[in-house]
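Engineer:
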Amino acid sequence: MKATRLFAPLALLAVTGLSLSSCQEKANIEVKDQVSETTINQIKTLGFTTAGAQKVDGGVVVEGDILLTNELLASTPEYSMLRVGQDEQYRTTNLVSRLPRVLTVSVSSQFPNGYVQAADEAIRRYNAQGLRITMRRITTGTADLPITYSADLGPGVLGQSGGFPSNGNPAPGFKLAPSVIGARSINNVATIMAHEMGHCIGFRHTDYFNRQYSCGGRTPTRVPAR
Numbered sequence: 145m146k147a148t149r150l151f152a153p154l155a156l157l158a159v160t161g162l163s164l165s166s167c168q169e170k171a172n173i174e175v176k177d178q179v180s181e182t183t184i185n186q187i188k189t190l191g192f193t194t195a196g197a198q199k200v201d202g203g204v205v206v207e208g209d210i211l212l213t214n215e216l217l218a219s220t221p222e223y224s225m226l227r228v229g230q231d232e233q234y235r236t237t238n239l240v241s242r243l244p245r246v247l248t249v250s251v252s253s254q255f256p257n258g259y260v261q262a263a264d265e266a267i268r269r270y271n272a273q274g275l276r277i278t279m280r281r282i283t284t285g286t287a288d289l290p291i292t293y294s295a296d297l298g299p300g301v302l303g304q305s306g307g308f309p310s311n312g313n314p315a316p317g318f319k320l321a322p323s324v325i326g327a328r329s330i331n332n333v334a335t336i337m338a339h340e341m342g343h344c345i346g347f348r349h350t351d352y353f354n355r356q357y358s359c360g361g362r363t364p365t366r367v368p369a370r
């Protein structure tokens with residue numbers, strides 16, 4: 145499905161004047177010594193870049209803003225891979241199921257003014273696509289995709305998804321760091337939110353093979369998955 149306003153953030157945020165949401169804006173820091181060789185191999189098997197992988201509670205953060213939970217790392221999902229030149233396209237089984245489905249979204253009251261409007265705009269963009277997943281913001285109860293506040297996610301990190309779908313359910317929301325996001329327009333914050341929502345329902349970085357396109361990073365040396 146191609147929709148310029150929605151999926152441009154998931155592909156090349158450069159066209160909107162932003163760096164890719166939640167990417168590290170500073171040079172990648174090699175911290176492989178904090179991640180076991182077994183985990184490195186699991187990351188490769190899932191088709192993700194191991195450069196800059198960071199061990200956190202509950203799993204490992206890769207590619208700047210994607211949490212691979214311990215459950216996901218230990219899994220062996222089925223997928224298909226097509227190699228064309230230097231490009232790889234993956235089909236994942238980490239998707240939201242039981243469709244059509246409405247996913248609820250909540251916004252922490254800790255956020256500055258404007259974040260609720262930004263969430264509404266991100267939701268509007270998704271709902272305008274006519275997908276079998278629609279979203280609705282709620283103010284009470286437990287949301288499927290809670291947007292939570294973080295004082296610090298690491299140097300230059302705007303936000304971090306809670307992972308990818310598991311057992312047919314979306315990842316449990318995502319965190320944003322307003323201190324790093326800074327003073328941006330509602331539309332720009334909505335773009336960051338739309339990016340992280342995409343991870344939660346199964347999208348990965350379109351330019352994961354060469355992060356130079358969006359974050360100015362270096363081309364990672366990858367070992368193709370099986």
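Numbered per my numbering, the sequence shown spans residues 145 to 370.
For every residue, glycine included, the Cβ atom is placed at its ideal position computed from N, Cα and C.
Treat the numbers as computed from the prediction; the structure is a model and nothing was measured.
(1) Tell me the rounded alpha-carbon separation between residue 346 and residue 332.
(2) Which residues in the same chain as residue 266 place their Cβ atom closer than 7 Å to its Cβ, once the five residues preceding and following it in sequence are excluded?
(3) For residue 217, which of helix, strand or coil comes out of DSSP?
(4) Compare the beta carbon distance of residue 299 and residue 317 with 9 Å and say whether it is the shorter of the two.
(5) Report the option in 268, 314, 319 and 191 whose CA atom is closest to the CA atom of residue 242.
(6) If you draw a straight line from the alpha carbon of residue 310 to that of residue 237, how long is it in whole angstroms?
(7) What are the boundary residues of the alpha helix (DSSP H) that includes residue 342?
(8) Considering only the alpha carbon of each residue, which of 257, 258 and 246 lies closest to residue 280?
(9) Under DSSP, the beta strand (DSSP E) around residue 206 begins and ends at which residues?
(10) Pull up the DSSP beta-bridge partners for residue 290, would you.
(11) DSSP three-state call for residue 189: helix, strand or coil?
(12) Should residue 217 and residue 190 be called a contact, given that it needs their Cβ atoms to be closer than 9 Å?
(13) For the alpha helix (DSSP H) that contains residue 304, what are its first and last residues?
(14) Could you tell me the alpha carbon to alpha carbon distance between residue 271 and residue 264, rounded to whole angstroms?
(15) So, for residue 202: in the same chain, excluding its five sequence neighbours on each side, which residues have a beta-carbon less than 8 Å away from its beta-carbon?
(16) As a quick exercise: from 198, 253, 277 and 200, pick the residue whose alpha carbon is nearest that of residue 344.
(17) Do the CB positions of residue 295 and residue 323 come within less than 9 Å of each other?
(18) In this structure, how does DSSP classify residue 171 when only helix, strand and coil are distinguished?
(19) By the three-class DSSP mapping on this structure, what secondary structure does residue 198 have?
(20) Buried or exposed: where does residue 283 fall if 16 or more other Cβ atoms within 10 Å of its Cβ makes it buried?
(21) Out of 303, 274, 308 and 187, which one is the CA nearest neighbour of residue 288?
(22) Mind checking whether residue 205 and residue 194 have CB atoms under 9 Å apart?
Structural biologist: Taking the structure as given:
(1) Counting from 1 along the sequence shown, the entry for residue 346 is found at position 202. Counting from 1 along the sequence shown, the entry for residue 332 is found at position 188. Cα to Cα, residue 346 sits roughly 22 Å from residue 332.
(2) Position 122 of the sequence shown, counted from the start, is the residue given in the question as residue 266. Here the set comprises 334, 337, 338 and 341.
(3) Here residue 217 refers to the residue found at position 73 when the sequence shown is read from its first residue. Residue state, collapsed to three classes: helix.
(4) Position 155 of the sequence shown, counted from the first residue, corresponds to residue 299. Position 173 of the sequence shown, counted from the first residue, corresponds to residue 317. Contact: no.
(5) In the sequence shown, the residue the question calls residue 242 occupies position 98. Nearest option by C-alpha distance: 314.
(6) Counting from one through the sequence shown, the residue named residue 310 turns up at place 166. Counting from one through the sequence shown, the residue named residue 237 turns up at place 93. Residue 310 and residue 237: Cα-Cα distance of roughly 9 Å.
(7) On the sequence shown, position 198 is the one that residue 342 refers to. Unbroken alpha helix (DSSP H) run through residue 342: 330-344.
(8) Along the sequence shown, read from residue 1 onward, the residue named residue 280 stands at position 136. The option with the nearest alpha carbon to residue 280 is 246.
(9) Along the sequence shown, one-based indexing puts residue 206 at 62. Residues 203-206.
(10) As a first step, residue 290 is located in the sequence shown; it is residue number 146 there, counting from the start. The partner list for residue 290 (beta bridge, DSSP) reads 250.
(11) Numbered from 1 along the sequence shown, position 45 holds the residue referred to as residue 189. Helix.
(12) The residue you call residue 217 lines up with position 73 of the sequence shown. The residue you call residue 190 lines up with position 46 of the sequence shown. Result yes, Cβ atoms of residue 217 and residue 190 sit closer than 9 Å.
(13) To locate residue 304, count along the sequence shown from 1; it is residue 160. No alpha helix (DSSP H) contains residue 304, which is instead part of the beta strand (DSSP E) from 303-305.
(14) Counted from its first residue, the sequence shown places residue 271 at position 127. Counted from its first residue, the sequence shown places residue 264 at position 120. Between residue 271 and residue 264, the C-alpha separation is close to 10 Å.
(15) Locating residue 202 in the sequence shown gives position 58, counting from the first residue. The answer, listed in chain order, is 211, 213 and 214.
(16) The residue given as residue 344 occupies position 200 in the sequence shown. The shortest Cα separation from residue 344 among 198, 253, 277 and 200 belongs to 277.
(17) As a working note, residue 295 is residue 151 in the sequence shown. As a working note, residue 323 is residue 179 in the sequence shown. Yes, the Cβ-Cβ distance between residue 295 and residue 323 is below 9 Å.
(18) Position 27 of the sequence shown, counting from 1, holds the residue named residue 171. Because residue 171 carries a pLDDT of 35, less than 50, the predicted location of this residue cannot be relied on, and the following value inherits that uncertainty. Three-state result, residue 171: coil.
(19) As a position in the sequence shown, residue 198 is number 54, starting the count at 1. Correct three-state label for residue 198: strand.
(20) Counting from one through the sequence shown, the residue named residue 283 turns up at place 139. Looking at its Cβ environment, which holds fewer than 16 other Cβ atoms inside 10 Å, residue 283 is exposed.
(21) Start at 1 with the first residue of the sequence shown, and residue 288 comes out as number 144. Per the Cα distances, 308.
(22) One-based indexing of the sequence shown puts residue 205 at position 61. One-based indexing of the sequence shown puts residue 194 at position 50. Not closer than 9 Å, so no.
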